Amino acid sequence: MAGAGAGAVMCYSPSPSSPSSITTTPTCMLTITNRLPCSRFLSPHGKSYLKQRYQRPVYVPFSRIYAIFWGPKRTAVSHETELSLGEFVLTGSGAEGGDSANKTKPQKVLISVASSISEISPKDWDACAEEATGLENYNPFLTHGFLSSLEESGSSVKETGWFPQHIIAQDEFKNILGVVPLYLKSHSFGEFVFDHSWADAYYSYGSRYYPKLQCCVPFTPVTGQRMLIRNMWYKDQVFDKLVWALKHLTAKLQVSSVHVTFPSETEWHQMRGHGFLQRIGMQYHWKNRNYKK
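Using our numbering, you'd call the opening residue of the sequence shown number 42 and step up by one each time.
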């Protein structure tokens, strides 16, 4: 039996309502966009090759997917080494008032980007993932072991169009406070959220959609936390800085957009308050429901 699953993307498009017989569970996609120079993927007549070969299938039943947008001006510049995005003083740490009496209390958050998950220890990454989700909602797809296996197997690497750009937040003592799985992508495959029509629209107006930044678990359409932050008194500040880092890196690399797919419902609402634009799309799930031949 075919069933519908739900997803999330932010924009101002209406979406059809799901049939009352279908149970949906929300997942999310967040996106940031901006205008780009003319694409080499345009045909001699100014039309996208993708548009010529891609046809949207029609299925029933369906469910909704959501996403989000924001934009700067840009040319993609990839990097192979750790990139620093900046450092910030923690409010309430005493540092903003010049109080340096407590030398062991974190006073700063430093944000950087790693081009491989191997640059982050499994212990630190998994601590962030476990504390972000809670043990009762353990998600194996967010673990260092799963994500590193995708890189080590050559699945989510630069050569396949999945260039890791993981964001790291740490304090001045080098303690990892939060991480974000992020990739610089040259295509839209392996995401389970289809944005080919967006690429067509970009190309039709003489702009380039790829590369783009994608915050997700590659090849895994499973809802879960995307901002993996340790449970501490200043975690809300770390969340704000990681979301800022997504937007800042989009502008710094001069790419078209940043997408956050299948985040938690809480993140979905929080990121809207950070200037992300939600959009809605469709997704289809197959549910066997104990069928036997």
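Glycine is no exception: its CB is placed at the ideal position from the N, C-alpha and C atoms.
Computed from a prediction, not measured in an experiment: that's the story for all the values here.
In DSSP terms, what residue i is bridged to
i    : result
F204 : L225
K253 : K226
L283 : BP columns for L283 are empty, so no partner.
G219 : A210, I270
Span of the beta strand (DSSP E), counted from its first residue to its last, around residue i
i    : result
K149 : 149-155
H300 : 298-302
Per-residue DSSP class, three states only, for residue i
i    : result
G127 : strand
V198 : coil
L294 : coil
Q278 : helix
P262 : coil
K146 : coil
E232 : coil
K288 : helix
S248 : coil
Segment limits, alpha helix (DSSP H) that includes residue i
i    : result
S238 : 237-245
L318 : Where L318 is concerned, there is no enclosing alpha helix (DSSP H), given that its DSSP letter is neither H nor E.
F182 : From DSSP, F182 is part of no alpha helix (DSSP H); its letter is neither H nor E.
R271 : Per DSSP, R271 belongs to no alpha helix (DSSP H) and is neither H nor E.
E177 : It is not in any alpha helix (DSSP H) - E177 carries neither H nor E in the DSSP assignment.
E160 : Where E160 is concerned, there is no enclosing alpha helix (DSSP H), given that its DSSP letter is neither H nor E.
E308 : 306-313
Cα-Cα separation, residue i to residue j
i    : j    : result
G314 : D281 : 10 Å
K334 : K328 : 15 Å
T145 : F214 : 8 Å
Q255 : V296 : 11 Å
R97  : M323 : Low local confidence applies: a pLDDT of 44 at R97 is under 50, so the model's placement there is unreliable, with the coordinate-based value given in what follows. The straight-line gap from Cα to Cα measures roughly 11 Å.
F233 : N331 : 24 Å
T64  : E200 : Bear in mind that a pLDDT of 32 at T64, under 50, signals an unreliable position, so the number given afterwards is only what the model happens to contain. Cα to Cα, T64 sits roughly 39 Å from E200.
E160 : E192 : 12 Å
V320 : W309 : One point to set straight first is that residue 320 is Arg, not Val, in the sequence displayed. Each residue's Cα considered, the two are about 11 Å apart.
N180 : T174 : 8 Å
W274 : S157 : 29 Å
G186 : L131 : 31 Å
Q148 : R249 : 41 Å
M245 : H237 : Here residue 245 turns out to be Ser, not Met, going by the sequence shown. C-alpha separation (whole angstroms): 12 Å.
A242 : E172 : 40 Å
P78  : A292 : Summary for P78: the model assigns pLDDT 39, below 50, so the residue's position carries little reliability, and this model does not support an answer.
F230 : A170 : 25 Å
S261 : F182 : Looking at the sequence provided, one finds Thr at residue 261 rather than Ser. About 8 Å.
D212 : S190 : 28 Å
H228 : E128 : 32 Å
H326 : I152 : 37 Å
S104 : G133 : Per-residue confidence for S104 stands at a pLDDT of 46, beneath the threshold of 50, marking its modelled position as unreliable; the derived number appears in the next sentence. Their Cα atoms are separated by approximately 43 Å.
G265 : L124 : 26 Å
T74  : L287 : Residue placement at T74 is poorly supported in this model, since its pLDDT is 40, which falls under 50; the coordinates are not used for a value here.
K253 : L269 : 21 Å
Q311 : Q278 : 12 Å
S305 : G247 : 35 Å
F235 : V263 : 15 Å
P205 : T307 : 25 Å
W285 : K276 : 14 Å
L294 : L126 : 11 Å
Beta-carbon proximity check, residue i vs residue j, cutoff 8 Å
i    : j    : result
G219 : R271 : yes
G202 : K226 : yes
Y251 : A240 : yes
I217 : L283 : no
V301 : A210 : no
L188 : P222 : yes
L290 : V198 : no
F303 : C257 : yes
D165 : T184 : no
Residue-level contact to chain D via CB, residue i, 8 Å cutoff
i    : result
F187 : In the structure shown, chain D does not exist; there is a single protein chain.
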